[in-house]
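Below is one structure, written out as structure tokens; comments come after it.
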Amino acid sequence: MARAGGQQSPLEVLRTEAPAASRRARGPLLRLLLLARPMRSQLLFAVLAGAVATGSGVALLAVSGFLLARASQHPNIVAIFRRLERLAPAGLAAFRSGDLLARLISDVDATQDLFVRGLAPPLTAALVGTAATLAAAALLVPAGLVLCAGLLLAGLAVPLLAAATARRSALRSAEARGRLGAVLTDMLTGAADLRVFGATSTALAGGSQLDPELTRLARRSATAADLGAGLTSAAAGGALWAVLLLGVAATGAGVLTRVPLAVITLTALAAFEAVTSLPAAAIQIGQARSSAARVAAVLDTQDPVRDPAEPDPMPCGPLHISVHGACVRYEPAGPLALAGVDLDLPPGRRIAVVGPTGAGKSTLAAVLLRFCDLAAGSVTVNGRPLSSFEADAVRRRIGGCPQDPHIFDTTIRANLLLARPTATDEELANAADRARLRDWIESLPQGWETRVGSHGTHLSGGQRQRLAFARALLADPAVLILDEPTAHLDPESRRALMADLLAATAGRGILLITHELEGLDRLDEIVVLAHGRVAERGTHADLVTSGGVYQRMWEAGERGRS
Ligand code: ADP
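Just so we're aligned, residue 87 is where the sequence shown starts under my numbering, counting upward by one.
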């Protein structure tokens, strides 16, 4: 290391400082330490700098540990899932499921990287760069100015250029990842159908079209990052040379001695370390921004139903639901899916809703479950508007089976407990009994712990529907809404399930949406919907001879049965 002119080296001091006798009396290490006394402030500074450097590493690890642990306590992904849950089902129609998955996982991940990989490096570089510039300027002003210019070029201009180059590809690759997710999810869900129709290669070809696009976007992003890295190195090299030349010239002119020259040069060299990661950080910020926009699109989707600011408490006892002139549209200027429907459902009354596909039957069920609000008309529960209650509170008292109930890839027990996590074994057995599943479950080698497979693929169609029905019974709502509980079943299983279903729900208010007309003579009223309106209503006995839609449906069913 260079020394200030005229200073002796420790070894020279060692030779000349003390007489030979006293030199021999002291240990060599102690003598060295004593000899270092004149440089004690520099040594102290070196110790402090070393402690700050090592301490920073320790602090960084400690903070990372803290942040990771905190993040695991409040994962963003859970917050976003809660939002999705509130949007389901109507509010999610605008998103494809695989795209939602991409937003939930990779986009949330990208936004989580914002601080550590995006914001922390420029802030650190700003602090280090300022300190290095001030230190260099204190020793030689022109060198400080050149260092400052080099740092601004490498740490600001180049990252901005890299970010601008990568901006469009960041947005488009987030979208393309979403599209790929959507295609893959669709293909995985429909894998069996694709095989049946021999359409796997066509579907794969469709999906693989996205591959070159993603590769091109990834290449563009990598080019931007490499361009940034190259330009940063070039700027750093140029500035270092300039600092060195200025320093040498100043030393030659006697303005600067050799020691500060080395300090300036090494300070500049080290300062550029802080800016080398900035182009990548700028690209990361761009990616986090695109991903944040995609996550925000989900968060900002308007709730399909609005909870009241001060909700009424949901009544505890029997419920009397009245619907007057209910109108629903899915799009603000779209057609009416329900166009003025009236319905009276006092406690214990059992109503069937029948009608062709698209008549508005599921929409009526969605209205009663508070999944969608009315465009006009009213729904009241015990005389209070349905909209004065919280949607979740409504669904605790008015429940049932959706049209395609989801069977989770877990055990029979866990699938049932979903409806009531605190249910006892006896309550589970009772619900399974009423859905005529108990004997079958208990005959299985693993009984209640039998796993049902993805989407319940280890079960028959009838068993799946019965499991969903048992789940609805276990939740024990005051009013049960059953949407096509016998869909996808063969006629015999359909009739058997319908009979069991009607027996199990005797005395409870139900709204039964169905295509299966057999057994409906046991219901109090049948409402026939067509084009969102009530086409006919009455009992089975009234309607079967009325000469209307119901009679035609019944006769078509009769022909099928015979
Ligand atoms: P049904 O249950 O009788 O088959 P639906 O209630 O499902 O009929 O549908 C009634 C009408 O509303 C149909 O024209 C259907 O296309 C439309 N519809 C249903 N769900 C949506 C939705 N999420 N977005 C837009 N239109 C919808």
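Each residue gets a CB set at the ideal place from its N, CA and C atoms; glycine is no exception.
If you check the CB distance, ARG520 and LEU566 do not come in under 8 Å.
In this structure, the C-beta of THR387 stays at least 7 Å away from each heavy atom of the ligand ADP. DSSP, reduced to helix, strand and coil, places ILE407 within a strand of the structure shown.
One Cα belongs to ARG392, the other to LEU472, and the distance between them is close to 11 Å. Near the ligand ADP, meaning a beta-carbon closer than 5 Å to one of its heavy atoms, we find ALA179, TYR416, ALA423, THR443, GLY444, ALA445, GLY446, LYS447, SER448 and THR449.
With respect to HIS410, GLY463 sits close: the two C-beta atoms are nearer than 8 Å.
In the three-state DSSP reduction, GLU396 falls in the coil class, being neither helix nor strand. Two segments are said to touch when three or more pairs of C-beta atoms, one from each, lie closer than 8 Å; by this definition the region 451-458 touches the region 481-491. Residue environment for CYS402: exposed (fewer than 16 other C-beta atoms within 10 angstroms of its C-beta).
Here HIS626 is buried, its C-beta having at least 16 other C-beta atoms within 10 Å. The C-alpha of ALA419 is placed about 42 Å away from the C-alpha of THR496. Counted as a single uninterrupted DSSP element, the stretch harbouring VAL480 is not any beta strand (DSSP E) but the alpha helix (DSSP H) occupying residues 477-483.
Exclusion of the five residues before and after LEU597 leaves ILE437 and ILE567 as the residues of its chain whose Cβ lies within less than 6 Å of its Cβ. Scanning ALA357, VAL381 and GLY634 for the CA closest to the CA of THR197 turns up VAL381. Between LEU154 and VAL244, the CB-CB gap reaches or exceeds 8 Å.
For ARG306, the uninterrupted alpha helix (DSSP H) segment begins and ends at 296-338. Taking every protein chain shown into account, the CB of TRP534 has 16 or more other CB atoms within 10 angstroms, so this residue is buried. Under the three-state reduction of DSSP output, ALA425 falls in the strand class. Using a C-beta cut-off of 8 Å, the region 236-254 makes contact with the region 355-367, since at least three inter-stretch Cβ pairs fall below that distance.
Taking the Cβ atoms as the reference, ALA348 lies roughly 15 Å from LEU233, outside the contact range of under 8 Å. Per DSSP, ARG522 lies in no alpha helix (DSSP H) segment and is marked neither H nor E. Taking the Cα of ALA412 as reference, the smallest distance to any Cα among ALA383, ALA642 and THR466 is reached at THR466.
DSSP places ARG470 in the strand class (E or B) of the three-state scheme. In chain order, ASP199, ARG203 and GLY204 place their CB closer than 7 Å to the CB of GLN370, counting only its own chain and leaving out the 5 sequence neighbours on each side. With 16 or more other CB atoms across the displayed protein chains lying within 10 angstroms of its CB, GLU602 is buried.
Secondary structure of GLY215 (DSSP, three-state): helix. Note on VAL133: under 16 other CB atoms within 10 angstroms of its CB, so exposed under the neighbour-count rule.
Look at ILE567 here: in three-state DSSP terms it is strand.
In terms of Cβ geometry, GLN551 and PRO571 form a close pair [threshold 8 Å].
In this structure, THR353 sits away from ALA211, with a CB-CB distance that is not shorter than 8 Å. Under a 10 Å Cβ-count criterion, GLY292 is classified as exposed, with fewer than 16 other Cβ atoms of the shown protein chains found around its own Cβ.
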